[in-house]
Amino acid sequence: LILDENDLEGPLWDLEMALLESDVALPVAESIIDAVKDELVGVHKKIRANTSDIVETALRNALIGVMSKEMFDLDDFIANATKPVTIVFTGVNGTGKTTTIAKVASRLKDAGYSVVIASGDTFRAGATEQMEKHAERIGVKLIKHQHGGDPAAVVYDAVQHAKAQHRDVVLADTAGRMHTNVNLMDQLEKICRVTPPDLVIFVDEAVAGNDAVERAREFNTVVPIGGSILTKVDMDSKGGAAISIAHIIGKPILFLGTGQKYGDLVKFDAGWYVDQLFE
Amino acid sequence: KLGDSLQGAIKKIAGGGRIDKRAVDEMIKEIQRALLQSDVNVKHVMDLSTRIRERALDEKPPAGMGAREHVIRIVYDELVRLIGEGTPLALSKQTIMMVGLQGGGKTTTTAKLARYFQRKGLKPAVICADTDRPGAYDQLKMLCDSLNIAFYGERTDDPIGIVERGLGELKAYDVKIIDTAGRHSLEHDLIEQMETIHAISKPDQKLLVLDAAIGQQATDQARTFHDSIGVTGVIITKLDGTAKGGGALSAVSETGAPIAFIGVGENIEDLEKFETDRFISQLLG
Ligand SMILES: Nc1nc2c(ncn2[C@@H]2O[C@H](COP(=O)(O)OP(=O)(O)OP(=O)(O)O)[C@@H](O)[C@H]2O)c(=O)[nH]1
Ligand SMILES: Nc1nc2c(ncn2[C@@H]2O[C@H](COP(=O)(O)OP(=O)(O)OP(=O)(O)O)[C@@H](O)[C@H]2O)c(=O)[nH]1
Ligand SMILES: [Mg+2]
Ligand SMILES: [Mg+2]
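Protein chains in written order, with the working numbering: chain A, 9 to 287; chain B, 192 to 476.
So this is what it looks like as structure tokens:
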């Protein structure tokens, strides 16, 4: 038997709906489903084989492909990089940047690295206090400036400090910002130009729907995103936003945030992730 | 006020005054895509499409109304039914409890609401009942101090006690707003904490604060909050980005609560009344 468009229509529609219900952005779901259709049309199918199963397997493989693009290991990256390694964290408001930096700092400290945190959110009420409490609890140095100061200056300062004190890693926090705010996006571009980081990590949340595509794409046009961290995965979310983000910027998801404690940071695994999506 | 592709689809519906079935289907498909991309709940989108289709094909346009205008009316009417009309909070003495998921904008909105009541001539006061998030006290105190708004908080780990003592101290104020920690449906101890705060503060308004970018999760989360304490109003934040707020709509249909306000920026004055018409045209792209 040869599979044609009509055989595939039903199963593909069901799977597209499943992707949408898991928060995969509509254009991303459509593009992935279309690619699967192109791949399967004209393919031979054994008489007793189940078309739905064939389609699901093809989709699984397509998704693993999307999620494994340009995979890299942050631990290896840091181990091999010239010190101090500077990592800037960015994203829209409230996605979990500050908390994620605390988790990464804690993890790196446990791995034996010396970490400096740059409190680059000089705008939001209580931002420095929040980062300060985390730094204190974890036991890492915090570089901060006056409220309202220039974030690029804070990052610059932190890097100079790390160089002078022979520290391994600088983690720079930045204020949440909307990609629609031209001034704030210019500010982000400046932060990453004054002290070009070794890595820019985009932080977004698993519960975000279609907008995950918009913001990942827009941020990626302003600064070179090297990888993303998807937070709030513990929120009973299938986290389709991970697929939307990886698909639109072609860069890997590095970690998943699975809660509010320092240990709630899990290395991303494409196979595991796609499995739980299909559950 | 409708997106280009939807406009195009609607144009094809009644060239000769009678409704073309295939054109209706094409229009429905465009509406579905627009609503799905705006994060409206998948099942709601499917139910809505079925109803719109039935009405477009079965209902006769009222006298004097063209078929095309009639169909637009139906689409609009069905969306208003899903969304409801905005209902701003009454300008009277009351206790308001802010709840929602982590990072949704509760603390910022608490300050915005306090400022709103202050401008309307009422005496607002704020209680910080978030003892989990590092810097929550500082964040809210800083916002209130900058507006000269009474603030009650403690650097202790006792949210229930803080609310009790806070309400005791702030008896002279007209509107008391309680900011709580972010929480989600699977954090059972935090849901229980929320129920306790609700029980001892007996708030007149329980506002669910939701990020405009929230996807399909909104339905289940809203249901949990509603089952737990009974949500009386929804606030959609961060509508100044590109998110359409379709997910937050599910919260409206789950809770039966109206949208009280929308957040359109990080500054205190970035709080607006919800306008159904504008929201629907944004939703339809
Ligand atoms: N459940 C859960 N909550 C999280 C996770 N990551 C962060 N949070 C919570 O999300 C809320 C916002 O986190 P922040 O770290 O302040 O987010 P942010 O991106 O720095 O926010 P802005 O700087 O204001 O843009 C806090 O209540 C965090 O505890 C996660 O993985 N799971
Ligand atoms: N652009 C924009 N940002 C907003 C809006 N409302 C809140 N924010 C920002 O969103 C981020 C999170 O806001 P918070 O008020 O801390 O959120 P929260 O719900 O109190 O967070 P938790 O207490 O950790 O659950 C902050 O950076 C706010 O400035 C809005 O309407 N527009
Ligand atoms: Mg932050
Ligand atoms: Mg808060």
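The beta carbon of each residue, even a glycine, is placed where N, CA and C say it ideally should be.
The residue among GLY267/A, ASP272/A, PHE276/A, ALA89/A with its C-alpha nearest the C-alpha of LYS259/A is PHE276/A.
The region 238–245 of chain B and the region 259–272 of chain B touch, with three or more beta-carbon pairs separated by less than 8 Å. Interface criterion met: the Cβ of SER245/A is under 8 Å from a Cβ in chain B. Residue pairing by DSSP places LEU399/B opposite VAL290/B, VAL425/B in a beta bridge. Listed in chain order, the positions of the region 106–139 of chain A with a beta carbon within less than 9 Å of a beta carbon of chain B are THR106, THR107, ALA110, PHE131, ARG132, ALA133, GLY134, ALA135, THR136, GLU137, GLN138, MET139. Put simply, the region 214–227 of chain A does not touch the region 73–85 of chain A. Fewer than three CB pairs are less than 8 Å apart.
Around GLU78/A, the same chain offers GLY258, LYS259, PRO260 as residues with beta carbons nearer than 8 Å, after the five sequence neighbours per side are excluded. Taking 7 Å as the cut-off, one finds no heavy atom of ligand 2 near enough to the beta carbon of ALA26/A.
Look at the region 187–236 of chain A and you find these whole runs of alpha helix (DSSP H), each 4 residues long or longer: 190–202, 219–230. Residue pairing of GLN285/B in beta bridges, as defined by DSSP: VAL366/B. Residue environment analysis places ILE95/A among the buried positions, since at least 16 neighbouring C-beta atoms fall within 10 angstroms of its C-beta.
For the options ALA413/B, VAL400/B, ILE368/B, the alpha carbon positioned closest to that of ILE388/B is the one of ILE368/B. In chain order, GLY294 make up the part of chain B whose C-beta sits under 8 Å from the C-beta of THR103/A. In summary, ILE353/B is buried, with 16 or more beta-carbon neighbours lying within 10 Å of its beta-carbon over all protein chains present. Taking ALA143/A as reference, the option from ILE125/A, PRO159/A, HIS153/A with the minimal CA-CA separation is ILE125/A. DSSP places TYR270/A outside both helix and strand once states are collapsed to three, so it counts as coil. If you draw a straight line from the Cα of ALA220/A to the Cα of LYS117/A, it is about 31 Å long. For VAL443/B, no Cβ of chain A is located within less than 8 Å of the residue's own Cβ. For THR94/A, there is no enclosing alpha helix (DSSP H); the residue is part of the beta strand (DSSP E) that begins and ends at 93–98.
If you check the CB distance, ALA327/B and THR299/B do not come in under 8 Å. In terms of beta-carbon proximity, GLN396/B stays away from the interface with chain A, with every pair separated by 8 Å or more. For VAL211/A against ILE251/A, the beta-carbon gap comes to about 17 Å, at or over 8 Å, which does not count as contact.
Inter-residue distance for ASP431/B and GLY235/A is about 26 Å (C-alpha atoms, whole angstroms).
Not a single heavy atom of ligand 2 lies less than 7 Å from the C-beta of GLU137/A. Between LEU27/A and the set PHE416/B, ALA439/B, VAL443/B, GLN407/B, the nearest pair of CA atoms involves GLN407/B. For GLU463/B, DSSP records a beta bridge to ILE453/B.
In chain order, PRO325, GLY326 make up the part of chain B whose C-beta sits under 8 Å from the C-beta of LYS141/A. At a threshold of 7 Å, ASP365/B does not count as near ligand 3, since its beta carbon sits no closer than that to any of the ligand's heavy atoms. Taken atom to atom, the span from the alpha-carbon of VAL271/B to that of GLU378/B is near 33 Å. THR347/B places its beta carbon less than 8 Å from that of THR322/B.
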